[in-house]
Structures are given as structure tokens and as C-alpha cells.
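Data first, discussion second: the structure below is written as C-alpha cells.
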Amino acid sequence: MKKLITSLPIFIVLADMVYGFVLNISQGLNLQQSTPSDGGLAVTPDIAFNSLQIIANGGMMVIIGFGLLTLLQLNGTVLKRRILPIGIFRTLGLLAVLAFSVPSLWEWGNALISAAMGYPVFNFGNPRYLASAFCMPLIALLCLKRLYDWYKLHRLPQADTVVPAAAQEPDKKVV
Numbered sequence: 010m011k012k013l014i015t016s017l018p019i020f021i022v023l024a025d026m027v028y029g030f031v032l033n034i035s036q037g038l039n040l041q042q043s044t045p046s047d048g049g050l051a052v053t054p055d056i057a058f059n060s061l062q063i064i065a066n067g068g069m070m071v072i073i074g075f076g077l078l079t080l081l082q083l084n085g086t087v088l089k090r091r092i093l094p095i096g097i098f099r100t101l102g103l104l105a106v107l108a109f110s111v112p113s114l115w116e117w118g119n120a121l122i123s124a125a126m127g128y129p130v131f132n133f134g135n136p137r138y139l140a141s142a143f144c145m146p147l148i149a150l151l152c153l154k155r156l157y158d159w160y161k162l163h164r165l166p167q168a169d170t171v172v173p174a175a176a177q178e179p180d181k182k183v184v
């Protein structure tokens, strides 16, 4: 149950990323002609810029999505007191997650201070955006906590933790 509750912000952000990407594709492929410029000639086709935006958003979604899936794996293995082998790609994925979620801690801190002073800082007109923004600091805190717990698992004696069979080195016998 703890795994489901702690993973909920990750699932919400993943769903929001996929939904936003599908919206981006549908808007990018909507080829309704815009009004031509004053000269009557279209300078650049809209499809070129729309496809560049789709490619950029797709690349961002792949990188951040991989990092969020790695965080889901880390969350599950640490809760089971198992050590997840983290290589270079998983490290880069987790760094990408931290790079886009840690600044939200600062922003939410400023927003709460401003709200305490009476300034209107929350926009309830877009609940999808508000839910994603609320999940971002939770993801940052979860990532930092699970990395700390993962580090502590490495420091425990081997009898207290379970290492997956794929990560274990074969026994070497001295002849």
C-alpha cells in the first residue's frame, strides 16, 4: 500500500506528460491554413515548426519518462529492502527527474510565503496544471528520500539486504 501511495505523484505526472504530448501531436497535425502574410506568400510552412515542437516535446517526454520509470523501480526495490543496480543511464534518468522537480520546491516555498501574505498565487482555473504542479515537489522529495535510503542499504551488511541475482558477481574459487 505504501508503494502505491508514494508512486501516485509519479503516475499523475506520467499521465499528464502523455496527455500533453497527445494534445501537442493533435494540434501539430491540425493543418488548417492560417491567414497569409501581407505579401500573399507564406514564408514558412507551419508543418515544419509544428513537427520541430513535437520532436522536442517527444524527446523531453522520453528522457523524463525514463527517469520517472526508474524512480518507480527505485521506490519499489527500496521499500522491499532490495538494492537496485543503478548504472549510468539510470543515474542520468534520476538526475533529469531531479533537474526538473527540485526547482518546484523553491517555487512552492515562494508561493506559500506569498499566499500567507495575502497575494493570490493559486490558479484553480486549470485543475490539470494545479495537480501536476502539486506533484512536482512530492516527486523531488521522493527521489531524494529513495536515493538516501538506497545509499543506506548499500552500507548495511549483505545479510540484511537482498541483491538481485543479475547484479551478483559469480563466486571465484581460488585453486
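Here this note's numbering runs 9 ahead of the position in the sequence shown, where the first position is 1.
Just so it is clear, CB atoms sit at the ideal spot from N, CA and C, and this is done for glycine as well.
- Query: Of all the options 11, 23, 14, which has the alpha carbon lying nearest to the alpha carbon of residue 141?
  - Reply: Here residue 141 refers to the residue found at position 132 of the sequence shown. Of the listed residues, the one whose Cα sits closest to residue 141 is 23.
- Query: Which value, in whole angstroms, describes the spacing of the CA atoms of residue 38 and residue 59?
  - Reply: For the purposes of this step, residue 38 is taken as residue 29 along the sequence shown, with counting starting at 1. For the purposes of this step, residue 59 is taken as residue 50 along the sequence shown, with counting starting at 1. Residue 38 and residue 59: Cα-Cα distance of roughly 8 Å.
- Query: For residue 11 versus residue 88, is the C-beta distance shorter than 8 Å?
  - Reply: In the sequence shown, the residue the question calls residue 11 occupies position 2. In the sequence shown, the residue the question calls residue 88 occupies position 79. In contact: residue 11 and residue 88 (Cβ atoms closer than 8 Å).
- Cβ neighbour criterion (16 or more within 10 Å) applied to residue 19: In the sequence shown, counting from the first residue as 1, residue 19 sits at position 10. Classification for residue 19: buried.
- Let me know if residue 146 comes out buried or exposed under the rule of 16 or more other beta-carbons within 10 Å of its beta-carbon. Counting from one through the sequence shown, the residue named residue 146 turns up at place 137. So residue 146 counts as buried.
- Message: For a quick check, are the C-beta atoms of residue 64 and residue 105 less than 8 Å apart?
- Response: Indexing the sequence shown from 1 puts residue 64 at position 55. Indexing the sequence shown from 1 puts residue 105 at position 96. Result no, Cβ atoms of residue 64 and residue 105 do not sit closer than 8 Å.
- Item | Three-state class that DSSP yields for residue 91 in the structure shown | One-based indexing of the sequence shown puts residue 91 at position 82. Correct three-state label for residue 91: strand.
- Take the Cβ of residue 90 as the centre, count every other Cβ of all protein chains shown within 10 Å, and call the residue buried at 16 or more, exposed below. Here residue 90 refers to the residue found at position 81 of the sequence shown. With fewer than 16 Cβ atoms within 10 Å of its Cβ, residue 90 is classed as exposed.
- Query: What residue does the alpha helix (DSSP H) around residue 136 start on, and which one ends it?
  - Reply: Numbered from its first residue, the sequence shown carries residue 136 at position 127. Per DSSP, residue 136 belongs to the alpha helix (DSSP H) from 136-164.
- Give the single residue among 93, 99, 62 whose Cα lies nearest to the Cα of residue 74. On the sequence shown, residue 74 is found 65 positions in, with the first residue counted as 1. Ranking the options by Cα distance to residue 74, first place goes to 99.
- In angstroms with no decimal places, state the Cα-to-Cα distance between residue 164 and residue 107. Position 155 of the sequence shown, counting from 1, holds the residue named residue 164. Position 98 of the sequence shown, counting from 1, holds the residue named residue 107. So the alpha carbons of these two residues sit roughly 23 Å apart.
- Item | residue 130 in three-state terms, based on DSSP | One-based indexing of the sequence shown puts residue 130 at position 121. The answer is coil: DSSP assigns residue 130 none of H, G, I, E or B.
- Consult DSSP for residue 96 and reduce its assignment to one of helix, strand or coil. Translated into positions along the sequence shown, residue 96 becomes position 87. Residue 96: coil per DSSP, three-state reduction.
- Nearest-angstrom beta carbon gap, residue 103 and residue 76 [assumed within contact, 8 Å]: Residue 76 sits at position 67 when you count from the first residue of the sequence shown. Residue 103 sits at position 94 when you count from the first residue of the sequence shown. Sure, about 6 Å apart at Cβ, within 8 Å.
- Item | Between the CA atoms of residue 16 and residue 122 - distance to the nearest angstrom | As a first step, residue 122 must be located in the sequence shown, where it is residue number 113. As a first step, residue 16 must be located in the sequence shown, where it is residue number 7. Those two C-alpha atoms are separated by around 28 Å.
- Query: residue 78 to residue 93, Cα distance in whole Å?
  - Reply: For this step, residue 78 is matched to residue 69 along the sequence shown. For this step, residue 93 is matched to residue 84 along the sequence shown. Taking the straight line from one Cα to the other gives about 13 Å.
- Task: Give the range of the alpha helix (DSSP H) segment to which residue 26 is assigned.
- Result: Here the question's residue 26 lines up with position 17 in the sequence shown. Note, residue 26: alpha helix (DSSP H), 11-37.
- What residue from 27, 149, 31, 117 has the CA that sits closest to residue 139's CA? Stepping through the sequence shown from its first residue, residue 139 is reached at position 130. Of the listed residues, the one whose Cα sits closest to residue 139 is 117.
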